[in-house]
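Numbering (the working numbering), first residue to last: 1 to 156. Using N, Cα and C, we set each Cβ at its ideal position, and we do this for glycine too.
Below is the structure:
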């Protein structure tokens, strides 16, 4: 009679641990050369509203702007502002990636912003498979893209 043997392999796996955080992005920093000029640009030309503007005693001015009706704020950090932690010592205006602003109608938003003096990188919004887009930079070289998602029918 042949000898029959069975090899059994036991696999040990770690349980999957999934960490979640109940949070949302509320603010990010945009490095600018001049806070006052940046505040005017973002409120008068881009169409954001001023959210915060105060200077604590003995400290730097804290200014934020953001889209109307949203909690999201852009902190306008002036280069050279005193920073007790030295986090900002290597920050430079215009050195970050583009910030994307999702809009319902890119062409309409483009025309409105252009009429207020925003200078875009292209003559008209451009169409891509992922939507319609136009890019502009602020006076300090920080890039922004206004994007409109394609209609659901164009994804089929």
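- Taking C-beta atoms under 8 Å as the contact rule, residue 79 and residue 50 fail to qualify, at a distance of about 20 Å.
- Around residue 37, the same chain offers 139 as residues with beta carbons nearer than 7 Å, after the five sequence neighbours per side are excluded.
- Beta bridge pairing from DSSP links residue 50 with 65.
- Just so you know, the alpha carbons of residue 152 and residue 130 end up roughly 11 Å apart.
- Its Cα nearest to that of residue 87, the residue 31 stands out among 31, 146, 144 and 21.
- For residue 135, the secondary structure class from DSSP, reduced to helix, strand or coil, is strand.
- For the pair residue 109 and residue 95, the Cα-to-Cα distance works out to about 25 Å.
- The C-alpha of residue 26 is placed about 27 Å away from the C-alpha of residue 116.
- Assignment of residue 29 by DSSP, reduced to helix, strand and coil, places it in the strand class.
- With distances taken between CA atoms, residue 147 lies nearest to 100 out of 100, 90, 65 and 55.
- In the DSSP assignment, no residue is bridged to residue 88.
- Approximately 5 Å separates the beta-carbon atoms of residue 63 and residue 35; this is inside 8 Å, confirming the contact.
- Going by C-alpha positions, residue 126 is about 34 Å away from residue 23.
- Note on residue 69: under 16 other CB atoms within 10 angstroms of its CB, so exposed under the neighbour-count rule.
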